[in-house]
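Inspection log for the structure reproduced underneath, given as structure tokens.
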Amino acid sequence: MASSSNGERKRARPDGRRRPSAATDEYIMIGPNEPFAIPPGMSREEAIRFFQEAEQAAKKVIALYGDGRPADGIPRASHLPNSCHRDGSIYTVNFGWHVDYCISDRTETQLEPMMLAEPTDCQPNRETCDFHFADPMMQIFSLKLAKISSGISPIQLYGYLAVRDIRDSGLNYIFNRSRDDPITINEGSLIEMTGPKRGIGMSCDVLIEYDMKIKKGGKEEEDLQLIDGVSDYSAVYNTSCKAFMNRIDGDGGSVDITLALIRRAVEAMIEVVVSEVYNEGFDLCLSSFVSGIGKEIQLFHGVVDEPCGLRRSVVAVALDTLMELKFKVCHGCGEIERCANFKAIKHGSVSQDIKFDQASISVKVTWSTLL
Numbered sequence: 074m075a076s077s078s079n080g081e082r083k084r085a086r087p088d089g090r091r092r093p094s095a096a097t098d099e100y101i102m103i104g105p106n107e108p109f110a111i112p113p114g115m116s117r118e119e120a121i122r123f124f125q126e127a128e129q130a131a132k133k134v135i136a137l138y139g140d141g142r143p144a145d146g147i148p149r150a151s152h153l154p155n156s157c158h159r160d161g162s163i164y165t166v167n168f169g170w171h172v173d174y175c176i177s178d179r180t181e182t183q184l185e186p187m188m189l190a191e192p193t194d195c196q197p198n199r200e201t202c203d204f205h206f207a208d209p210m211m212q213i214f215s216l217k218l219a220k221i222s223s224g225i226s227p228i229q230l231y232g233y234l235a236v237r238d239i240r241d242s243g244l245n246y247i248f249n250r251s252r253d254d255p256i257t258i259n260e261g262s263l264i265e266m267t268g269p270k271r272g273i274g275m276s277c278d279v280l281i282e283y284d285m286k287i288k289k290g291g292k293e294e295e296d297l298q299l300i301d302g303v304s305d306y307s308a309v310y311n312t313s314c315k316a317f318m319n320r321i322d323g324d325g326g327s328v329d330i331t332l333a334l335i336r337r338a339v340e341a342m343i344e345v346v347v348s349e350v351y352n353e354g355f356d357l358c359l360s361s362f363v364s365g366i367g368k369e370i371q372l373f374h375g376v377v378d379e380p381c382g383l384r385r386s387v388v389a390v391a392l393d394t395l396m397e398l399k400f401k402v403c404h405g406c407g408e409i410e411r412c413a414n415f416k417a418i419k420h421g422s423v424s425q426d427i428k429f430d431q432a433s434i435s436v437k438v439t440w441s442t443l444l
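The numbering of the sequence shown is the numbering used here, which starts it at 74 and goes up by one.
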């Protein structure tokens, strides 16, 4: 630390140069309340580039030990080469995974869930079917905004995170928000997941593609890149069938993704209808838990003030195990929980009614194999 002549302590700059002291000083902001006086002979662009390169170098030094282990103990997601959208490198390669997973195709997956909920070719019958099989599937439990590089919170977040599997290679969105419809979120908070649209097959490698940004001003050019790239996951190396967390690092921060490989899995499509609302509205939290994995999947959290249907959700569940749905209603009189359990089967559907003082809720779970 440097001291002034009157004993006041001032922060030393990373390159030993002074802080700006006059209104006429040319400077850039390198952090909250952190102005940096641009030295004579250095342009503004050079100063910005200097700190960007220094930040990236610091991340590489801090993030890993010499043997490659993360110094903070948090496993990192892989980041495939030539996978950035911002510089266009993801579209410059015409071989390997870029072709296998049709990266240039930007359309959403065309496959629907529950394609085999009511098959006609079961043997010997639908209840004891030996013709259709449960398959390895990926389940994403949560996304969390782990870090914001600027330290400024909350932010407006938009963009997407999607999965590509070998079934049709289309984008199966887990999070998808336009710049005109961002979410406001604080560092450390869960990112609301809007997908997947259908079950994620994991008989072969799965790619997770992401391009998420922080909205800063009126123009898109002013926005900051949060994370950008593609990560791959292999069923060959993920054999424990337990939930694990990886951190996806980017220039503007980090996102934590918690996921698991579930072997012998089937699709569960969860449809919830709030059929009656008594008195005023209430706060509803709906979560799913799958047997053997102690992680929560948050399906809905919001205020319900009139009869409505909630967004349908698709979850991977191991065959012949239980899926628990937890309904938590918060009202002026307190908090009430109800649970409903459903055993995973290959085909068919089951319904239950859940009663609260504030509302009547019906839930339908439809089951299907992928193939």
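Built from N, CA and C at the ideal position, the CB exists for glycine as well.
Nearest neighbour of K437, chosen from Q298, D393, G407, V387 [CA to CA]: To locate residue 437, count along the sequence shown from 1; it is residue 364. If we check each option's Cα against that of K437, V387 comes out closest.
Comparing C-alpha positions only, which one of N155, L383, D208 sits nearest to H171? For the purposes of this step, residue 171 is taken as the residue at position 98 of the sequence shown. The candidate whose alpha carbon is nearest that of H171 is N155.
Under the rule that 16 or more other beta-carbon atoms within 10 Å means buried, what is H420, buried or exposed? As a position in the sequence shown, residue 420 is number 347, starting the count at 1. The residue is buried, with at least 16 neighbouring Cβ atoms inside 10 Å.
Strictly by DSSP, which residues pair up with R320? In the sequence shown, the residue the question calls residue 320 occupies position 247. R320 is bridged to R149, D329.
Sequence-distant residues of its chain with Cβ nearer than 6 Å to V363 (five each side left out): Against the sequence shown, residue 363 aligns to sequence position 290. Cβ neighbours of V363 within its own chain (closer than 6 Å, five residues either side excluded): V390, M396.
Just reading off the beta strand (DSSP E) that V377 is part of, what are its end residues? The residue labelled residue 377 in the question sits at position 304 within the sequence shown. Following the DSSP letters along the chain, one finds V377 inside the beta strand (DSSP E) bounded by residues 366-377.
Within the same chain, show all residues whose beta-carbon is closer than 7 Å to that of I418, passing over the 5 residues directly before and after it, in chain order. Locating residue 418 in the sequence shown gives position 345, where the first residue counts as 1. If you ignore the 5 residues before and after I418, its C-beta comes within less than 7 Å of the C-beta of W440, all in its own chain and listed in chain order.
Three Cβ pairs or more, each shorter than 8 Å: is that satisfied between the segment 353-369 and the segment 401-415? Segments in contact, yes.
On the criterion of 16 or more Cβ atoms from any shown chain inside 10 Å, does M74 qualify as buried, or is it exposed? Here residue 74 corresponds to residue number 1 of the sequence shown, with the count starting at 1. Residue placement at M74 is flagged as unreliable, the pLDDT there being 39, under the threshold of 50; a coordinate-derived value is accordingly withheld.
Which first and last residues belong to the alpha helix (DSSP H) in which D173 is found? Taking the sequence shown and counting its residues from 1, one reaches residue 173 at position 100. It spans 170-173 - the alpha helix (DSSP H) in which D173 sits, taken as one unbroken run.
Three Cβ pairs or more, each shorter than 8 Å: is that satisfied between the segment 185-200 and the segment 282-302? Not touching, per the Cβ criterion.
Exposed unless 16 or more other CB atoms sit within 10 angstroms - verdict on I228: Taking the first residue of the sequence shown as 1, we reach residue 228 at position 155. I228 is buried by the Cβ-count criterion.
In whole angstroms, what is the alpha-carbon distance linking G268 and I121? For this step, residue 268 is matched to residue 195 along the sequence shown. For this step, residue 121 is matched to residue 48 along the sequence shown. A direct Cα-to-Cα measurement between G268 and I121 gives close to 38 Å.
I'd like the list of long-range same chain contacts for I427, defined as Cβ closer than 8 Å, with 5 residues on each side in sequence excluded. Counting from one through the sequence shown, the residue named residue 427 turns up at place 354. Closer than 8 Å at the Cβ level, and outside the excluded window around I427, lie F400, R411, A413, S433, I434, S435, V436.
Looking at the strands, I want to know which residues DSSP matches up with N414. Along the sequence shown, one-based indexing puts residue 414 at 341. DSSP, once it has assigned bridges, lists E397 as partnering N414.
Per DSSP, T445 is paired with what? Absent from the structure is residue 445, since the part of the chain shown begins at 74 and ends at 444.
Report the rounded CA-to-CA distance for H205 versus R199, giving the unit in angstroms. For the purposes of this step, residue 205 is taken as the residue at position 132 of the sequence shown. For the purposes of this step, residue 199 is taken as the residue at position 126 of the sequence shown. One C-alpha to the other measures close to 10 Å.
Looking at C-beta atoms only, is the number of pairs between the segment 251-265 and the segment 333-342 that lie closer than 8 Å three or more? Output reads no: the segment 333-342 does not touch the segment 251-265.
Three CB pairs or more closer than 8 Å across the segment 343-352 and the segment 316-330: Contact between the segment 343-352 and the segment 316-330 is absent, because fewer than three Cβ pairs lie under 8 Å.
Alpha carbon to alpha carbon, how far is C157 from A190? Give it in angstroms, no decimals. Within the sequence shown, numbered from 1, the residue matching residue 190 stands at position 117. Within the sequence shown, numbered from 1, the residue matching residue 157 stands at position 84. Looking at the two C-alpha atoms, the distance is approximately 38 Å.
Using only CA atoms, which one of F415, G325, H152 lies nearest to E295? What you label residue 295 is simply residue 222 of the sequence shown in a count that begins at 1. E295 has its Cα closest to that of G325, out of F415, G325, H152.
The segment 214-231 in contact with the segment 270-280 per 3-pair CB rule at 8 Å: No, the segment 214-231 is not in contact with the segment 270-280.
Could you check which residue in L398, S116, I343 has the C-alpha nearest to that of E369? Taking the first residue of the sequence shown as 1, we reach residue 369 at position 296. Closest by alpha carbon: L398.
Buried or exposed: which applies to R237, given that a residue is buried once 16 or more other Cβ atoms fall within 10 Å of its Cβ? Locating residue 237 in the sequence shown gives position 164, where the first residue counts as 1. R237 should be labelled buried.
Are the CB atoms of I256 and L230 within a distance shorter than 7 Å? Translated into positions along the sequence shown, residue 230 becomes position 157. Translated into positions along the sequence shown, residue 256 becomes position 183. Result yes, Cβ atoms of L230 and I256 sit closer than 7 Å.
What are the start and end residues of each continuous beta strand (DSSP E) run of 3 or more residues lying completely inside the segment 287-312, in chain order? Runs found: 297-306.
Straight-line Cα distance separating S116 from A96: For this step, residue 96 is matched to residue 23 along the sequence shown. For this step, residue 116 is matched to residue 43 along the sequence shown. Caution is warranted here: a pLDDT of 45 is assigned to A96, below 50, making its placement in the model unreliable, and the coordinate value is therefore given only provisionally. A96 and S116 have their alpha carbons spaced roughly 18 Å apart.
Grouping DSSP H, G and I as helix and E and B as strand, with all else coil, what is I239? Translated into the one-based positions of the sequence shown, residue 239 becomes position 166. DSSP places I239 in coil when its eight states are reduced to three.
P209 classed as buried or exposed, judged by whether at least 16 other C-beta atoms fall within 10 angstroms: To locate residue 209, count along the sequence shown from 1; it is residue 136. Answer is buried; the Cβ neighbour count reaches 16.
For I335, which three-state DSSP category applies? Stepping through the sequence shown from its first residue, residue 335 is reached at position 262. Three-state result, I335: strand.
Please determine, among Q425, Y351, T165, the residue with the shortest C-alpha to C-alpha distance to K416. Translated into the one-based positions of the sequence shown, residue 416 becomes position 343. Comparing C-alpha distances from K416 to each of Q425, Y351, T165 shows the shortest one belongs to Q425.
Would DSSP call A207 helix, strand or coil? Looking up residue 207 in the sequence shown gives position 134. Three-state result, A207: coil.
Going by DSSP, what residues sit across from S276 in a beta bridge? Walking along the sequence shown from the start, residue 276 turns up at place 203. Looking at the DSSP assignment, S276 forms no beta bridge with any residue, so it has no partner.
Euclidean distance between Cα positions of D301 and V328: Walking along the sequence shown from the start, residue 301 turns up at place 228. Walking along the sequence shown from the start, residue 328 turns up at place 255. Going by C-alpha positions, D301 is about 11 Å away from V328.
For I162, name the three-state secondary structure that DSSP assigns. If you number the sequence shown from 1, residue 162 lands on position 89. A small fix is needed here, since residue 162 is Ser in this sequence, not Ile. In the three-state reduction of the DSSP assignment, S162 falls in the helix class, which pools H, G and I.
Ends of the beta strand (DSSP E) at F362? Your numbering for residue 362 matches position 289 in the sequence shown. 355-363 is the span of the beta strand (DSSP E), which, as asked, contains F362.
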